[in-house]
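Residue numbers for the sequence shown follow the working numbering, so the first one is 147 and each next one is one higher. One structure below.
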Amino acid sequence: MPLLTTRATIYLGTWNVRTMWDTGRAFQIAAEMRRYNLEVLGISETHWTQVGQQRLTSEELLLYSGHEEENARHTQGVASILSKQAQNALIG
């Protein structure tokens with residue numbers, strides 16, 4: 147799979163989802179991302195705690211950050227979902 151280049155046209159999106167605390171919400175959001183042909187999607191108000199990454203069954207990579215404490219209230223939080231092609235361009 148080719149890396150993203152400076153001449154490639156990529157589509158970025160942002161979404162204030164209000165919560166991703168519901169079961170299956172990440173997969174629903176990834177499906178919408180594919181529907182709109184987005185390579186990178188920035189998400190706000192995830193309401194997840196801690197920091198991490200999760201590979202979805204549809205091959206997208208979900209990177210998230212929220213409150214540091216595990217038992218903190220489920221408020222705030224941000225995330226990014228990267229398509230398989232965008233993952234190849236990720237450094238670090």
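Think of the CB as a built atom: it goes at the ideal place given N, C-alpha and C, for glycine as much as any other residue.
- Spatial neighbours of arginine 171 in its own chain (CB-CB distance under 8 Å, excluding positions within 5 residues in sequence) are listed in chain order as Val163, Thr165.
- DSSP places asparagine 234 in the helix class (H, G or I) of the three-state scheme.
- Taking the Cα positions, glycine 198 is about 24 Å away from tyrosine 157.
- Under the DSSP assignment, glutamine 174 falls in the alpha helix (DSSP H) whose first and last residues are 171-181.
- In this structure, alanine 225 lies near threonine 192, with their beta-carbon atoms less than 8 Å apart.
- Taking C-beta atoms under 8 Å as the contact rule, leucine 184 and leucine 207 fail to qualify, at a distance of about 13 Å.
- Contact check for glutamate 214 against glutamine 200 fails: the beta carbons are separated by 8 Å or more.
- Secondary structure note for leucine 228: its beta strand (DSSP E) is the uninterrupted segment 224-228.
- Setting aside the 5 residues that flank it on each side, leucine 187 is surrounded in the same chain by Gly159, Met179, Ile227, each with a C-beta closer than 6 Å to its C-beta; the list follows chain order.
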